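A quick write-up on the structure given underneath.
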Amino acid sequence: MNADLVERRKAGADAFASLGTPTDKLEHWKYVDLGFDPDRIATAVTGAAPLPADEVVAALGAVHVAVVDGAVVDHSPADGATIARFSDVDGEHLALAAALSAGMDPDRDRLSAASLAHGSDGVLIHATRGHRSNVVVDVQAVATDAVSYPHLAVRVDPNAELTLTVVYRSDDGFRAVVPRLDISVGDGAQIGLTTVQTWGDETRATAHQRLVIGRDATARIGEVGLGGALGRLDLRVDLEGDGSSVDLDGLSFGDRDQTLDYRMLIRHAGKNTSSNIFLKGAVEDRASSVFTGLLRIEEDATRTSAFETNRNLVLSDEAKAQSVPNLEILCDDVVCGHASSVGQLETEPLYYLMSRGLPRDHAERVLVHGFFEEILDELPDQSVVAPVRELVVGKFVAAQAEGRL
Amino acid sequence: MSIALEIKGLTASVGTVEILKGVDLDVPFGEVHALMGPNGSGKSTLCHVLTGKSDYEVGGSARLDGTELLGKEVDERAALGLMQAFQYPVEIPGVRLEEFMREVGVARGEDPGAFGEQIAAQAERFGVTDFLRRSINDDLSGGEKKRSEMFQMGVLSPKVAVLDEIDSGLDIDAVRQVAEAVEQLRSPDVGILVITHYSRILGHMAVDKVHVMMQGRIVDSGGAELADELEDGGYDAVRSRLGIEAPKKEAAAPSVRDTLTDLPF
């Protein structure tokens, strides 16, 4: 392991030692309860047997990388991309892995610091110039009563095109996961990133994702968040290059006592950049969801276009959804907007559907399904749509059948 | 039983405002009736009371092929064979028209294959094939929305079809198309009630009877000559013939739109 990577680990360890444990006193953690003590949890011992394929993985066909409890257990070649463990890379790829690892601030929060300090391994995915490639990653947390730190570092070379799909999953039983995804998109390159998290009921996951987008490069992101006692996503996108853009469409559905927490920072630094964030969430039972989105437009980011929209459907009296969109605009040559709403199923569409002969519960299912369709339509990897739709509608149908609504 | 829709002494109020004050109206199978009346006379309220919208306190009776509708859920009324074509069909993003019709087929226990063919055939017939893959009423013009409603009637084959203000907001060509669609729906197995406040659309279709509604009651019924009288002399002519005092200020009934709780999804 090269000196840069070692330095990053030290910086992570220092930050971990000095930063406070997340509590609701800290702005970043205002709305969530971490549910475990980072000082008193063991790092997962690797070597557990991987989980069998679930519906989402089966729909994806080939899996190129399997990460279990933070260790890369298997990887196979993908056309147009290099895939390698951090521990196996050297030369140019080692430098790339180190540079990508440097992407995240070690002091972003205590868990990202822990990931830097204690992550056992990582995988580098390098989509090479002029190629079009498709990579599927299956990230699993198997060991119980422990924390793991899966880490993916991705480089899309200039004028390369990468479709990357990452599935996050685990079984029942308590465990913590701190997944990290660092992506650098070169000039004129394109990435289509789809993430689907279906963590088990007692998994507490706090994911960090960071994308840095180069000149005239585009990122299309689709995020699906369905699982976990805590499912948190801390996403930061830096539109560094002139003419760069990001489109993000996300959906989440929380039930029982789940907390789904989305923190998004979209930073416009280059000129003529654009972002469009569209997130839809539903909550039922006692679940809660939080969306905190910040659009930050830097001083020189002229001709910026930035929009964020967050729609929430609250399906039970005790469920909660919070939406906190923010703008921080330091440049006056911009078009920006944000919109958010929290509400129940609308009565007029329900009346219309029922007037054609759908019983109320059937009409409600059709509406819940319809609520998410416009997000599903936009997921860069359409092969996950059918199983994700099943999971989403399944949550609602189960609650209906058990009389939980 | 030859009466498709039999309404007797139907009343409806919202809070202390009485909108329908005892409506009596029969539509036999195989006939097309027109219900006309000035704004605020209660025509749309009648539609929604029949369909089963929960905003109203209702009394009296409304029978479909002999079965009482009042007190039943909206979907139960539809299952009995009632369908309203809405004045303002709501847009439902994310729910595709074809998929919606298929779900209704499932709820009715239809054979999926045969029902799918029925959907395709009726879409062709009413010229809505392009809308099938789109969200319900999403981005459709006024005329297109009405065609979509007619298409749904074609698929669902109701025993009683109530068409609320089917000509509102349409240009002259669209009015004719809607009138032709109504003519296509006419059959011995259905009674059709067309609601309008202009007689224009009646020039494009044959109606068996015209009813005039004012202040929450049917005040006159007759043949096509009644529509001609309205065309020539307006509602005032009917009022003066019947000795009804024109209200100083016709209190507008609370419209469907006003009762919407708009959530911006």
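Same order as they appear, the protein sequences are chains B and S.
For the first sequence, numbering that gives the first Met the number 0 gives the first residue as 0, with consecutive numbering after it.
For the second sequence, numbering that gives the first Met the number 0 gives the first residue as 0, with consecutive numbering after it.
Even for Gly, the Cβ is constructed at its ideal location relative to N, Cα and C.
Here the structure is a predicted model, which means the values were calculated and not measured.
What residues of chain B sit near residue i, judged by a beta carbon separation below 9 Å?
i                 : result
Ala77 of chain S  : Met353, Ser354, Arg355, Gly356, Leu357
Ala74 of chain S  : Sequence inspection shows Asp at residue 74 of chain S; the Ala mentioned does not correspond to that position. Within chain B, the residues near Asp74 of chain S are Leu352, Met353, Ser354, Arg355, Gly356, Leu357, Pro358, Arg359, His361, Ala362.
Gln268 of chain S : Absent from the structure is residue 268 of chain S, since the part of chain S shown begins at 0 and ends at 264.
Gln151 of chain S : Arg355
So with CB distances below 7 Å, who are the chain B contacts of residue i?
i                 : result
Arg107 of chain S : Gly356
Leu69 of chain S  : Residues of chain B passing the Cβ test: none, with the nearest at roughly 15 Å.
Lys52 of chain S  : Tyr350
Glu123 of chain S : The premise fails here: Glu123 of chain S is roughly 20 Å from chain B at the closest Cβ pair, so nothing lies under 7 Å.
Phe130 of chain S : Going along chain B, no residue has its Cβ under 7 Å from Phe130 of chain S, so there is no contact; the nearest lies around 15 Å.
Phe28 of chain S  : Per Cβ cutoff of 7 Å: no residues; Phe28 of chain S is ~20 Å from chain B at best.
What in chain S is Cβ-close to residue i, meaning under 7 Å?
i                 : result
Glu373 of chain B : Pro92, Gly93
Gly369 of chain B : Ile91, Pro92, Gly93, Val94
Val417 of chain B : Residue 417 of chain B falls outside the range modelled here, since chain B spans only 0 to 404, and no answer is possible.
Trp396 of chain B : A quick correction: the sequence has Val, not Trp, at residue 396 of chain B. Per Cβ cutoff of 7 Å: no residues; Val396 of chain B is ~13 Å from chain S at best.
For residue i, which of the options has the nearest alpha-carbon?
i                 : options                                : result
Asp137 of chain S : B:Arg403, B:Leu225, B:Val392, B:Glu373 : B:Glu373
Arg132 of chain S : S:Gly112, S:Ala119, S:Leu229           : S:Ala119
Gln257 of chain B : B:Gly221, B:Ala305, B:Thr197           : B:Thr197
Asp73 of chain B  : B:Asp120, B:Ala58, B:Arg39             : B:Asp120
Ala33 of chain S  : S:Thr66, S:Arg95, S:Arg199, S:Ala77    : S:Arg199
His130 of chain B : B:His150, B:His92, B:Gln189, B:Ala152  : B:Gln189
Asp78 of chain B  : B:Glu160, B:Leu99, B:Asp144            : B:Glu160
Pro37 of chain S  : S:Val218, S:Gly222, S:Ala223, S:Gly242 : S:Val218
Phe114 of chain S : S:Val209, S:Gly153, S:Val237           : S:Gly153
Thr143 of chain B : B:Leu180, B:Ser169, B:Phe371           : B:Ser169
Lys279 of chain B : B:Thr162, B:Ile40, B:Ala338            : B:Ala338
Gly224 of chain B : B:Arg262, B:Ala41, B:Asp215            : B:Arg262
Ala61 of chain B  : B:Val166, B:Asp68, B:Leu95             : B:Val166
Ala126 of chain B : B:Leu151, B:Ile82, B:Asp89, B:Val141   : B:Ile82
Gly199 of chain B : B:Val138, B:Gly191, B:Leu18, B:His361  : B:Val138
Leu293 of chain B : B:Leu259, B:Val367, B:Asp237, B:Gly402 : B:Asp237
Ala77 of chain S  : S:Val181, S:Pro157, S:Pro246, S:Ala180 : S:Pro157
Val88 of chain B  : B:Leu123, B:Arg364, B:Leu259           : B:Leu123
Ala305 of chain B : B:Val282, B:Phe371, B:Cys330, B:Glu283 : B:Cys330
Pro419 of chain B : B:Ser86, B:Ala65, B:Ala70              : The requested residue 419 of chain B does not occur in the structure, where chain B is confined to residues 0 to 404.
Pro88 of chain S  : S:Phe125, S:Arg240, S:Gly221, S:Glu143 : S:Glu143
Ala113 of chain B : B:Leu18, B:His368, B:Thr291            : B:Leu18
Per DSSP, residue i is paired with what?
i                 : result
Asn275 of chain B : B:Asp246, B:Phe306
Arg231 of chain B : B:Thr205, B:Asp260
Gly280 of chain B : B:Ser251, B:Asn311
Gln189 of chain B : B:Glu160, B:Thr217
Met35 of chain S  : S:Thr195, S:Val211
Met82 of chain S  : S:Ala160
Ser287 of chain B : B:Thr258, B:Lys319
Val88 of chain B  : Answer by DSSP bridge pairing: none, since Val88 of chain B is not bridged.
Leu238 of chain B : B:Ile212, B:His267
Arg295 of chain B : B:Arg266, B:Glu327
Arg131 of chain B : B:Glu160
Below 8 Å on C-beta distance, what does residue i contact in chain B?
i                 : result
Phe114 of chain S : Result: empty, since nearest Cβ-Cβ is about 12 Å, beyond 8 Å.
Leu155 of chain S : Arg355, Gly356
Val103 of chain S : Arg355, Gly356, Leu357
Give the residues of chain S in contact with residue i, contact being defined as C-beta atoms less than 8 Å apart.
i                 : result
Phe277 of chain B : In chain order: nothing, as chain S lies at least about 12 Å away.
When you measure from the CB of residue i to every non-hydrogen atom of the ligand MN, does any distance come out below 7 Å?
i                 : result
Arg124 of chain S : In the structure shown, the ligand MN is absent, as is every other ligand, since no ligand is present at all.
In chain S, which residues lie with their C-beta within 9 Å of the C-beta of residue i?
i                 : result
Val138 of chain B : In chain order: nothing, as chain S lies at least about 29 Å away.
Thr383 of chain B : This sequence places Val at residue 383 of chain B; Thr is not what is there. What Val383 of chain B touches in chain S: nothing, since even the nearest Cβ is about 18 Å away.
Mind checking if residue i is an interface residue toward chain A, Cβ cutoff 8 Å exclusive?
i                 : result
Val282 of chain B : The displayed structure is made up of protein chains B and S, and chain A is not among them.
Mind pulling the beta strand (DSSP E) runs of 3 or more residues that sit fully within the region 147-183 of chain B? 150-155, 160-169, 174-176
Does the contact criterion of 3 or more C-beta pairs under 8 Å hold for the region 190-210 of chain B versus the region 220-238 of chain B? yes
Check whether the region 281-288 of chain B touches the region 316-332 of chain B, taking contact to mean three or more Cβ pairs, one atom from each stretch, closer than 8 Å. Look at the beta carbons and you see the region 281-288 of chain B touching the region 316-332 of chain B: at least three pairs across the two are nearer than 8 Å.
List, from N- to C-terminal side, the alpha helix (DSSP H) runs of 4 residues or more that fit wholly inside the region 186-244 of chain S. 223-241
With a floor of 4 residues, list each alpha helix (DSSP H) that falls wholly inside the region 21-85 of chain B, ordered by position along the chain. Fully enclosed alpha helix (DSSP H) runs of 4 or longer: 54-59.
Per the contact definition of three or more C-beta pairs closer than 8 Å, is the region 133-153 of chain S in contact with the region 67-78 of chain S? no
Touching by the beta-carbon criterion (3+ pairs, under 8 Å), the region 110-125 of chain S and the region 383-392 of chain B: With a cut-off of 8 Å, the region 383-392 of chain B and the region 110-125 of chain S do not count as touching, because too few Cβ pairs lie within range.
With a threshold of 8 Å, are at least 3 pairs of Cβ atoms found where one atom belongs to the region 168-176 of chain S and the other to the region 44-54 of chain S? No: fewer than three Cβ pairs fall under 8 Å.
Report yes or no: do three or more beta-carbon pairs, one from the region 347-357 of chain B and one from the region 305-317 of chain B, lie closer than 8 Å? no
Decide yes or no for the touch test of the region 325-342 of chain B against the region 376-388 of chain B: beta carbon pairs closer than 8 Å, at least 3 of them. no
Any alpha helix (DSSP H) of 4 or more consecutive residues that is wholly inside the region 38-98 of chain S: 42-50, 73-79
Assess, as a yes-or-no matter, whether the region 0-20 of chain S is touched by the region 182-196 of chain S under the definition of 3 or more beta carbon pairs within less than 8 Å. yes
Under 8 Å, with one C-beta from each stretch per pair, do the region 90-101 of chain B and the region 39-55 of chain B reach the 3-pair mark? Judged by Cβ distances under 8 Å, the region 90-101 of chain B makes no contact with the region 39-55 of chain B, as fewer than three pairs qualify.
Is the region 155-172 of chain S in contact with the region 81-98 of chain S, if contact means three or more CB pairs nearer than 8 Å? yes
List, from N- to C-terminal side, the alpha helix (DSSP H) runs of 4 residues or more that fit wholly inside the region 329-376 of chain B. 346-353, 359-375
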